[in-house]
Amino acid sequence: MATAGAPRRFCRCACFCSENLYVARYGLHVRFRGEQQLRRDYGPLEQEVERRQRLGQESAARKALIASSYHPARPEIYNSLQDVALAPEFLAAAEYSAVPGADLQGLLQRLETVSEEKRIYRLPVFTAPFCQALLEELEHFERSDMPKGRPNTMNNYGVLLHELGLDEPLVTPLRERFLQPLMALLYPDCGGGWLDSHRAFVVKYAPGQDRELGCHYDNAELTINVALGKAFTGGALYFGGLFQAPSALAKPLEVEHVVGQGILHRGGQLHGARPLVTGERWNLVVWLRASAVRNRLCPMCCRKPDLVDDEGFGDGFTREEPTTVDLCALT
Numbered sequence: 002m003a004t005a006g007a008p009r010r011f012c013r014c015a016c017f018c019s020e021n022l023y024v025a026r027y028g029l030h031v032r033f034r035g036e037q038q039l040r041r042d043y044g045p046l047e048q049e050v051e052r053r054q055r056l057g058q059e060s061a062a063r064k065a066l067i068a069s070s071y072h073p074a075r076p077e078i079y080n081s082l083q084d085v086a087l088a089p090e091f092l093a094a095a096e097y098s099a100v101p102g103a104d105l106q107g108l109l110q111r112l113e114t115v116s117e118e119k120r121i122y123r124l125p126v127f128t129a130p131f132c133q134a135l136l137e138e139l140e141h142f143e144r145s146d147m148p149k150g151r152p153n154t155m156n157n158y159g160v161l162l163h164e165l166g167l168d169e170p171l172v173t174p175l176r177e178r179f180l181q182p183l184m185a186l187l188y189p190d191c192g193g194g195w196l197d198s199h200r201a202f203v204v205k206y207a208p209g210q211d212r213e214l215g216c217h218y219d220n221a222e223l224t225i226n227v228a229l230g231k232a233f234t235g236g237a238l239y240f241g242g243l244f245q246a247p248s249a250l251a252k253p254l255e256v257e258h259v260v261g262q263g264i265l266h267r268g269g270q271l272h273g274a275r276p277l278v279t280g281e282r283w284n285l286v287v288w289l290r291a292s293a294v295r296n297r298l299c300p301m302c303c304r305k306p307d308l309v310d311d312e313g314f315g316d317g318f319t320r321e322e323p324t325t326v327d328l329c330a331l332t
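Now the structure itself:
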C-alpha cells in the first residue's frame, strides 16, 4: 500500500484540453486537435478548451478568496473527520479490511453487492446527523456571495470541496483511513491499494437546475457516490459495462439512491443519472485515483499521459512512480 513520505507534485494529462470535451447541447464528449478538425467534425469548441486551460489557476484563486473571506455556518464540519460522523457499518467494513488476513469474501459479508458482474457495491457511509450538517453548510455556501466553480464539465450546480476547504479535514482522511483498505480488497486490479489522490465534489439536482446526467465514465480508477439528501424522487443511477466494451449500455442496471449510503464502482464503468422527478438531490462524489495505474495509461485518452504541471492533486498523475509500489502487482 502507499506510504507517507515527502509531498509529490501531481499533474494532469495534456489530453484534458483535447479529449472528452463535453458539449451539453448535444450530450456528447468530443475530441479537439485543431480548429480545422474541430469545425469539420463538430463546430466551435474553443470556449471549452480555453476554460479548461484556465481552470487550475482560477480554482486556486477561488480557494484563496474563500479561505480568507467565507464564514461557515457549521464550522465543526471543518474539523478533522471523526468516527462519530461515520455509519457503524462503514466503520466495521473498514476496520475488517485493515486487519491482516482480511479477504474479499469476508468483506462482502459486510456490504451489499449490487451487481457481482459489474462489481458495484453499496454500504452506509455517513450518519444522518452528519449528512444534515454537511447539507446545511453546503446550502449556506451556495447562498453566499463567494465565487463558485462548476463541479465538473457536465454538472453546473454543486461545490468543489477542495475550494471550500474540506479536502484536508474530510476527504483525505476518508480516503486514507477508510476507503483505501476497502478498495484494496474490492478492486486490487484497479489500483485500490495504491490510492494517493482524489477529486471530490458535491453535485446538486433540482427543478430549474440540473435534473439528469448523461452517460459518461469518470476520470478515476474508482468512484464512491454518497447520497446526502434531501427529499426527492427519481434520479436513479444507471450503469452499463466498461467504456471499452462493445454494446456497453445494451442492458443498463438501475440503482436507487439511499440517503447516507455510498455506491462504489470502477471509474471506467459507463453510468449516468435518470431525470429527477421531485425535490432536491445532493450527492458527494469522490473520484479516487492511483498514480501507479494512471501514470502508465491516461484513462481519458488511453495513451501514455503527456504531463502538464497542475494545482493541488491535478488529475492524479505524477512524474515519478511511488517508490513503494510494485507495479507487477497491478497487472
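Position 76 (the sequence shown) corresponds to 77 in the numbering used here; numbering is contiguous.
Note that beta-carbon positions come from the ideal geometry of N, C-alpha and C, so glycine has one too.
Where residue i falls: helix, strand or coil (DSSP)
i: Thr234; result: strand
i: Cys1; result: Any question about residue 1 goes unanswered here, given that the chain covers just 2 to 332.
i: Cys191; result: helix
i: Cys132; result: helix
i: Pro1; result: Residue 1 lies beyond the range of the chain shown here (2 to 332); nothing can be said about it.
i: Glu113; result: strand
i: Val259; result: coil
i: Gln83; result: coil
i: Gly313; result: coil
i: Ser72; result: Looking at the sequence itself, residue 72 is His, so the reference to Ser does not match. Looking at His72 - three-state DSSP - the assignment turns out to be coil, as it is neither helix nor strand.
i: Thr173; result: helix
i: Leu298; result: coil
i: Leu328; result: Low confidence applies to Leu328: its pLDDT is 46, below 50, so where it sits in the model is not reliable enough to give any reading.
i: Arg13; result: strand
i: Arg267; result: strand
i: Phe33; result: coil
i: Gly159; result: strand
i: Pro8; result: coil
Enclosing alpha helix (DSSP H) for residue i [first to last residue]
i: Ser292; result: Ser292 to Arg295
i: Pro89; result: Pro89 to Ser98
i: Leu277; result: Segment Leu277 to Gly280 is the beta strand (DSSP E) holding Leu277; no alpha helix (DSSP H) there.
i: Leu165; result: Leu162 to Leu165
Residue environment, residue i, which counts as buried when at least 16 other CB atoms sit within 10 Å
i: Gly35; result: exposed
i: Val203; result: buried
i: Asp316; result: buried
i: His72; result: exposed
i: Gln110; result: exposed
i: Cys299; result: buried
i: Asp341; result: Residue 341 is absent from the model: the chain starts at 2 and stops at 332.
i: Ser19; result: buried
i: Asn153; result: buried
i: Ala68; result: exposed
i: Gly273; result: buried
i: Val294; result: buried
i: Glu164; result: buried
i: Glu138; result: buried
i: Gln58; result: exposed
i: Thr319; result: buried
i: Leu66; result: exposed
i: Gly242; result: buried
i: Gln37; result: exposed
i: Asp311; result: buried
i: Gln270; result: buried
i: Leu105; result: exposed
i: Ser81; result: exposed
i: Val278; result: exposed
i: Ala232; result: exposed
i: Asp197; result: buried
i: Val286; result: buried
i: Glu321; result: exposed
i: Gly215; result: exposed
Continuous beta strand (DSSP E) stretch holding residue i: start and end
i: Leu271; result: Gln270 to Ala274
i: Arg123; result: Ile121 to Pro125
CB contact check: residue i to chain B, cutoff 8 Å
i: Pro182; result: Judged by its chain identifiers, the structure shown contains no chain B, having just a single protein chain.
Count the C-beta pairs between the stretch 214 to 224 and the stretch 265 to 274 that are closer than 8 Å, then say yes if the count reaches three, no if not.
-> yes
If you scan the stretch 197 to 245 from start to end, which runs of the beta strand (DSSP E) of 3 or more residues do you find wholly inside it?
-> 198 to 206, 214 to 217, 223 to 230, 233 to 235 and 238 to 243
Are three or more beta carbon pairs between the stretch 121 to 131 and the stretch 156 to 169 nearer than 8 Å?
-> no
Can we say the stretch 175 to 182 touches the stretch 115 to 122, given the rule of at least three CB pairs closer than 8 Å?
-> no
Answer yes if the stretch 189 to 201 comes into contact with the stretch 140 to 149, meaning at least three C-beta pairs across the two stretches below 8 Å, and no otherwise.
-> no
Between the stretch 164 to 176 and the stretch 303 to 311, are three or more C-beta pairs nearer than 8 Å?
-> no
With a cut-off of 8 Å, do at least 3 Cβ pairs link the stretch 266 to 286 to the stretch 227 to 239?
-> yes
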